[in-house]
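One structure is given here, and the rest of the page talks about it.
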Amino acid sequence: MNLTPLFFYVVLVVSLDPLAHSAFTPRHLRELQHRTKLLFQHGWHSYMEHGFPADEVKPISCVAYGPQHTLPDDLHKDVLGNVSLTVLDNLDTLIMMHEWDELETVLHYLKVNQKGYFDQDHVVQVFEASIRWLGGLLLAHLALSELDWQSGPGQIQAIVAGYNGFLLEMAYDLGLRLIPAYKTSSSLPLPRINLAKGLDAVPSAKNREACTAGAATPFMEFSLLLRLTGDERFETLTRLTFNKLWAARLSLGLLPMSLDPIGSRWLDVITGVGALIDSFYEYALKGAILFNDDHLWDIFSQSYQSLISLLAFQPSANGWTYFANIHTTSAARVTAWIDLLSAFWPGLQVLAGRLSDAVSSHLVFLKIWDHFDSIPERWDSMAFGMDHLLEAARLLQAVPLEWYPLRPEFIESTYYLYRATKEPMYLQIGLRMLDLFETRFKAECGFSGYQDIRTGSRQDRMETFVLGELLKYLYLLFDEANESYVHSATMHLKNWVFSTEAHPLWLTKEVQQRSQKLFASSISPEITQLKDFKGRGFLGSMWRGLIHPLNELESDLDEHDEQSHVREVSPFGSDLQPAFSHLLSCEIRPSQWKSDRQFFGSGYYEWDWLFSPNEAMAGTLIRPEHLRLLDDNSTIELQDSFLAIHGLSPYKKCALASTTTITEYQIGPLMRPEEYNMYRVNRNSSLFPFAESDLVMPELRGRFRMEHLKKGAIDNCGVTINTQYLHGMLPTNPPGVSFSQEISRVNFINGLQIAPGTTLWIRASYLGSNPNVFIVTNEGDVYMTGKYVENLKVY
């Protein structure tokens, strides 16, 4: 094929107008970053003019928005507290975008009003106040006191020179007001507290249920507050909660989503990676990085093993993946919906070094965005019982929670993936989102999301994460020149992480020692009182116990879960390692993309399974009518401008949809993945018949997935099974069983993929002990229920 004309066409397109296409040259990216900054300025100035000093501004009606002053029992957005929340959550955004005039203005306001700033007679969520308010103050303090701004403009140098640490004092005051929620007899925090009057001013009904993420997550901000002030109660109490929740995980290593902090028990039997549970896993990993904490890494590593073993649904090898919501003890799939908050997960996978996993799980969210120009708060991935419905009715059922408040999780993961891979498709996603913010979500006084994605009705609300997270990640996505301080060479040397609210946090021993020394005289001698409760009540103690007899959150809080530190030793020597040991290393390239990528090419066009979710989820991937009327090309990966420049891959073809039958088996009780004896072969050995990359499991236990191959079927690698293939795979000397023209293949076992060309090895004596199911030949071949298993052998 002669690519010369196409090459000249690409060069011509870029040279004529590099800003109108998907060139992503340095000039183009700088322009995209500038356009993003203009969006932030629009939202910020709208808030300052129409909302400040209230918490938010309503983007359509252009009025201030804050906490409810009537009906104190009402669950009215208790993230608000009359504390100029948009300011607290965006101090670092102002720094990142070099908005020095605005930064100087709000710093002056905070300094003048510092005394009693948080003495507000409002009930607030401890979780939200920790991640938004406390995190924002801590980051701004670190940025102004610990970063070197000597080469910066004179205005920021003057701001830094005049900064006296008052933001840390404000953070400390806020911490003292929030930490009593953790000082309970159960060591589980109450979810809400009155900033001025404490726990006694909160109606008891509002503190009877908490989510796992809300209870566990604040430990990172509070631990950092300890390291900067020296007041140990902040980390002692919050880390106690985190450790208790982990020690109380259920038999499969999973945590339910909600709990009763007073009765010290789980309230449900469902888990996932999205709403109510998400940031537990996020802060296990980020806390391990920030504090160089091996115990937190063990928590994340074991959690990840359980999640990919039990929650991950991947129809094909190297295909797309989504994480289901399952029963915590049986691992049965409970729901097929995907919630918007779970879109953070691919970004966390990148941070953990699992690039291939991240690419696979990110694809589903891309497909949702293609169809909705957003992601519904909850979307059902399966069209069960919808075949007879008209499209409008199917759409109603496909989107059970219909709003999109401009949450940042999808662009957050996209940012992480681009920084790790430099794949231009992620810039294209950012370009599409930028265009939508400029043309659709922009309102008179800020940005307005969808109240109902299905109809297009708008929401008169701009939460602080729109400016503080979504536009921040979008701005940083286009920062290829590394002009933002978080991308500077100085920050590369720090163990920094983004908090769950996108506040960059870091810590060094030098920073800790210097800060504690300066803050020593400000430590409060006031004792945080223990909150006593009068018991669980009749329904809480007896009736719930009858319903869920195994839901008690009992654990030894004085010791870490020592099992999490046990490193399994292979009985086969150094040639084999525990099967999940690959989690200890980081991938440098996703396995979905070819190593010989073309110049200007996109790895997505080398991925055979790029469009497989479109077919698998066609029943609920429905573009609403109000969006179809716009008649624009919403499919990001098929934008003409992008294809013209980045579509040069010679591998552009889609895999055939699989038509084989899949059966899932379970042998023995399910266990935590680390409890199974499974090993990966690192290198060939003369002592065993194993080949490199094979899996070895002396006893076949747990859950595995079998694919049944017969003539004419298409397997999950997109290969058509023909007679030649079947005859080539079948042993020449089959045992004395009825011959079957169908063979089987093990694809997954306990969350691990059996890649094409690799073998699963089981001890011969173990399979031989169950002749009703398995027949083992002298050559080491295995038949299961009369069918030959092509990649299952015995040793």
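Heads up, my numbering is the position in the sequence shown plus 547, with the first residue counted as 1.
Ideal Cβ positions, reconstructed from N, Cα and C, are used throughout, including at glycine.
Start and end of the alpha helix (DSSP H) containing residue i?
{"i": "N1161", "result": "1159-1163"}
{"i": "L792", "result": "780-794"}
{"i": "I846", "result": "841-857"}
{"i": "R679", "result": "Where R679 is concerned, there is no enclosing alpha helix (DSSP H), given that its DSSP letter is neither H nor E."}
{"i": "L771", "result": "766-776"}
{"i": "E829", "result": "825-838"}
{"i": "V634", "result": "632-635"}
{"i": "M644", "result": "Note, M644: premise wrong, no alpha helix (DSSP H); not H, not E."}
{"i": "F919", "result": "902-919"}
{"i": "E596", "result": "573-597"}
{"i": "R941", "result": "938-945"}
Return the CA-CA distance between residue i and residue j, expressed in angstroms with no decimal places.
{"i": "P862", "j": "Q944", "result": "23 Å"}
{"i": "G1166", "j": "D927", "result": "10 Å"}
{"i": "F713", "j": "F1146", "result": "51 Å"}
{"i": "E1057", "j": "F766", "result": "21 Å"}
{"i": "V604", "j": "A1302", "result": "52 Å"}
{"i": "F587", "j": "L681", "result": "22 Å"}
{"i": "Y1198", "j": "F860", "result": "26 Å"}
{"i": "S1158", "j": "D917", "result": "Contrary to the premise, residue 1158 reads as Phe rather than Ser in this sequence. Answer to the nearest angstrom: the Cα atoms are 12 Å apart."}
{"i": "L854", "j": "T764", "result": "19 Å"}
{"i": "D845", "j": "A878", "result": "22 Å"}
{"i": "I1070", "j": "E768", "result": "17 Å"}
{"i": "L553", "j": "E1153", "result": "Model confidence at L553 stands at a pLDDT of 44, short of 50, so the residue's coordinates are unreliable and nothing is read from them."}
{"i": "N790", "j": "L1023", "result": "34 Å"}
{"i": "R954", "j": "A762", "result": "21 Å"}
{"i": "V634", "j": "T1047", "result": "17 Å"}
{"i": "A743", "j": "Q667", "result": "5 Å"}
{"i": "R966", "j": "P1236", "result": "41 Å"}
{"i": "F827", "j": "E959", "result": "17 Å"}
{"i": "A835", "j": "S903", "result": "22 Å"}
{"i": "L1017", "j": "G819", "result": "23 Å"}
{"i": "K662", "j": "L684", "result": "15 Å"}
{"i": "R780", "j": "L773", "result": "8 Å"}
Quick one: give me the first and last residue of the beta strand (DSSP E) that residue i is part of.
{"i": "T1037", "result": "Note, T1037: premise wrong, no beta strand (DSSP E); alpha helix (DSSP H) at 1036-1039."}
{"i": "W926", "result": "925-927"}
{"i": "R954", "result": "From DSSP, R954 is part of no beta strand (DSSP E); its letter is neither H nor E."}
{"i": "E1211", "result": "1208-1214"}
{"i": "W1140", "result": "Where W1140 is concerned, there is no enclosing beta strand (DSSP E), given that its DSSP letter is neither H nor E."}
{"i": "Q661", "result": "It is not in any beta strand (DSSP E) - Q661 carries neither H nor E in the DSSP assignment."}
Measuring only between beta-carbons, confirm whether residue i sits less than 9 Å from chain C.
{"i": "S1071", "result": "The question asks about chain C, but that chain is absent: this structure has only one protein chain."}
In three-state DSSP terms, what is residue i?
{"i": "I976", "result": "helix"}
{"i": "D815", "result": "coil"}
{"i": "L1195", "result": "coil"}
{"i": "V1329", "result": "strand"}
{"i": "Q1059", "result": "helix"}
{"i": "E959", "result": "helix"}
{"i": "E716", "result": "helix"}
{"i": "Q697", "result": "coil"}
{"i": "M1253", "result": "strand"}
{"i": "H874", "result": "strand"}
{"i": "K1334", "result": "strand"}
{"i": "L1339", "result": "strand"}
{"i": "P1245", "result": "coil"}
{"i": "R966", "result": "helix"}
{"i": "T493", "result": "In the structure as shown, the chain starts at 548 and stops at 1342, and residue 493 therefore has no counterpart that could be examined."}
To which residues of the same chain is residue i closer than 8 Å at the C-beta, ignoring the five residues directly before and after it?
{"i": "R582", "result": "L981, E985"}
{"i": "V749", "result": "V670, L737, R739, I740, N741"}
{"i": "R1008", "result": "E603, K605, P606, Y612, P952, S995, G996"}
From the DSSP output, which residues share a beta bridge with residue i?
{"i": "C758", "result": "S805"}
{"i": "Q672", "result": "R739"}
{"i": "F860", "result": "Y869"}
{"i": "D999", "result": "S1004"}
{"i": "E603", "result": "Y612"}
{"i": "W884", "result": "D927"}
Give every residue of the same chain whose Cβ lies closer than 6 Å to the Cβ of residue i, excluding the five residues on either side of it in the sequence, and list them in chain order.
{"i": "E924", "result": "L887, L948, W950"}
{"i": "A757", "result": "P738, L806, P808"}
{"i": "T1208", "result": "H1255"}
{"i": "F919", "result": "I1000"}
{"i": "V906", "result": "P1137, Q1139"}
Sorry if obvious, but does the Cβ on residue i come closer than 8 Å to a heavy atom of the ligand NAD?
{"i": "I1074", "result": "In the structure shown, the ligand NAD is absent, as is every other ligand, since no ligand is present at all."}
Excluding five sequence neighbours on each side, which residues of the same chain lie with their C-beta closer than 7 Å to the C-beta of residue i?
{"i": "L910", "result": "W867, P1160"}
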